[in-house]
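Residue numbers (my numbering): 161 to 662.
Ideal Cβ positions, reconstructed from N, Cα and C, are used throughout, including at glycine.
Owing to the predicted nature of the structure, the values given are computational and were not obtained by experimental measurement.
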Amino acid sequence: MKDVIHLSPITRIEGHLGVQVDIDDGKVTAARVTGEMFRGFENILRGRHPLDAQQITQRICGVCPVEHGVASIRAQDMAYKTEVPENGRLLRNLIQAANFITSHITHFYLLSGLDFVNVASLLSYTGNDRALIGLRDWAKEQLQTGSVNPVGPFLPQWPAGLLENPELNATVLRHYVDAIAARRTGHKLGALFAGKLPHAASLVPGGVTEQATAIKITQARALLDELRAFYEQSYLPDIIGVAGAFPEYFKLGRSCGNFLAYDAFPEADGRPVFAAGSLCDAKLQGLNIGQISEDVRFSWFSSGTGLHPKDGQTKPAPDKAGAYSWLKAPRYEGRPMEVGALARLLVTSATPGYEALGKHLHSTLKSLSLPVSALDSVLGRHLARGLETGLLIERCEAWLDALKPDQPSFTDFKIPDACEGYGLTEAARGALGHWIRVSEGRIANYQCVVPTTWNCSPRDDRGVAGPMEKALEGTAIADPKAPIEVARIIRSFDPCLACAVH
Ligand code: NFE
Ligand code: MG
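Next comes the structure, spelled out in structure tokens:
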């Protein structure tokens, strides 16, 4: 029997995503993912002063502003040929890593966690945990008010298989509450050196305007200790607990088999924490940025198609026939590519010189009795975010140790009247690139190719589906009225449509 499911908007993600899923005989035969809103940041930037770019592009998103800031200042570093001093490099890494850690904790607990946790069980909670008692009493009180969705965002939940172990269920719910405090701690850590957050004031070409003082370094260490405790005692064990309870989700949600990552978090020896490269059918290749292009056949744009972002255009065409998304379709060597923590983990651990990460990954998989192929899945994406959170906490400790108090973190520069550059980095959700061209001292063209644009891309000019569309194809849907499988696959990418449409 044929059926069509249309979900819009998908909740507990960032931005406006709709999905149409065609089902035949209980299985998804095709999926169309729609970015439902136009924003136009690339057009807003044209004609502005170049130094507006790192401030304006940070407004693309409240979740990953730092990464847009970093991509923008890296593009400008290239255009103006700046020299970033050591403290500048370290502070940029710290601000960006704090954002990753905050983002991953937010995603696991506040966004996707409710796909796995049984919230209704809270109503009959009889334990002694004060946070859970508070939550239970609030939920009961709300239910008595008789409004349409009295316990949102917690209830109602789809009647789908949820955590059955009451102890683990209560633990993850308890950590949902703790995660709100943990994300505040992550924000504070970033803001120490960002001036403020969510939109960092201190990120500039040439470095960072904030100074590394002894007192700030000490404060940062204390905040990082809190995050490490939350990671070790809550986040990592909870991911492993959820993974153990839903083993079938190590088989669901495989996307296109192609992964792309840029380098990010430069170390003192020039080697980044995450290596750049592409992995297609398990074959690793170095990054060739000339191979990035964006198609628009199925996007609401009348711009040229297949353009490299250096020459990219943004001409909205809301009435375009056949189009179904405000996202362009980025392609690498003409292929759709999955980006994100999983792509970083796979690309970096396969790169020569990063054998230690590969070993760590393999021993983790062995302890979970999982083959490497299981990573390419819904739970693989969650696990990859968890593992890299631990790695980044460790690197933050080393970067704090390396900071030299009161040393310069910024070198002044001149903006040539005409220049161009690009800035590539990794955002929490994956490979992020900004391209800038300056002419007569003003921004002549600015293009962003963003992680969720890669993952949620519509079909390309040849009709090839994007990674999330591919990940949905072939999935068995137990109950089309409560298609939890669709929601879990979509949320495993941690999509941000605000970023994707920029
Ligand atoms: Ni708006 Fe963003 C995306 C990330 S790009 S959350 O996609 O991570 O910096
Ligand atoms: Mg763009």
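Between residue 587 and residue 163, the alpha-carbon positions lie close to 36 Å from each other. Assignment of residue 305 by DSSP, reduced to helix, strand and coil, places it in the coil class.
For residue 593, the uninterrupted beta strand (DSSP E) run begins and ends at 590–599, by DSSP. By the Cβ criterion, the region 446–458 is in contact with the region 610–621, since at least three pairs of Cβ atoms, one from each stretch, lie closer than 8 Å.
By the Cβ criterion, the region 515–528 is not in contact with the region 481–491, since fewer than three pairs of Cβ atoms, one from each stretch, lie closer than 8 Å. Three or more beta-carbon pairs separated by less than 8 Å are not found between the region 552–566 and the region 228–237, which leaves the two stretches without contact. Using a 10 angstroms sphere on the CB of residue 192, the tally of other CB atoms reaches 16 or more, which defines it as buried. Between residue 271 and residue 651, the beta carbon gap of about 6 Å places them in contact (Cβ cut-off 8 Å). Listed in chain order, the alpha helix (DSSP H) elements of length 4 or more contained wholly in the region 497–561 are 501–510, 515–527.
Taken from the Cβ of residue 194, every heavy atom of the ligand NFE lies 7 Å or farther away. The C-beta separation of residue 612 from residue 543 comes to about 20 Å, leaving the pair out of contact by the 8 Å criterion. In the DSSP assignment, residue 648 falls within the alpha helix (DSSP H) that extends over 644–652. Around the Cβ of residue 308, a 10 Å sphere holds fewer than 16 other Cβ atoms; the residue is exposed.
For residue 194, the three-state secondary structure derived from DSSP is strand. Boundaries of the beta strand (DSSP E) harbouring residue 587: 579–587, taken from the DSSP string.
The closest heavy atom of the ligand NFE lies less than 7 Å from the beta carbon of residue 611. Three or more beta-carbon pairs drawn from the region 334–343 and the region 266–285 are found closer than 8 Å, and the two stretches are therefore classed as touching.
Between residue 178 and residue 189, the gap from beta carbon to beta carbon reaches 8 Å or more.
In terms of side-chain proximity, the C-beta atom of residue 472 is found nearer than 7 Å to a non-hydrogen atom of the ligand MG. Residue 355 is positioned such that its CB atom lies no closer than 8 Å to that of residue 571.
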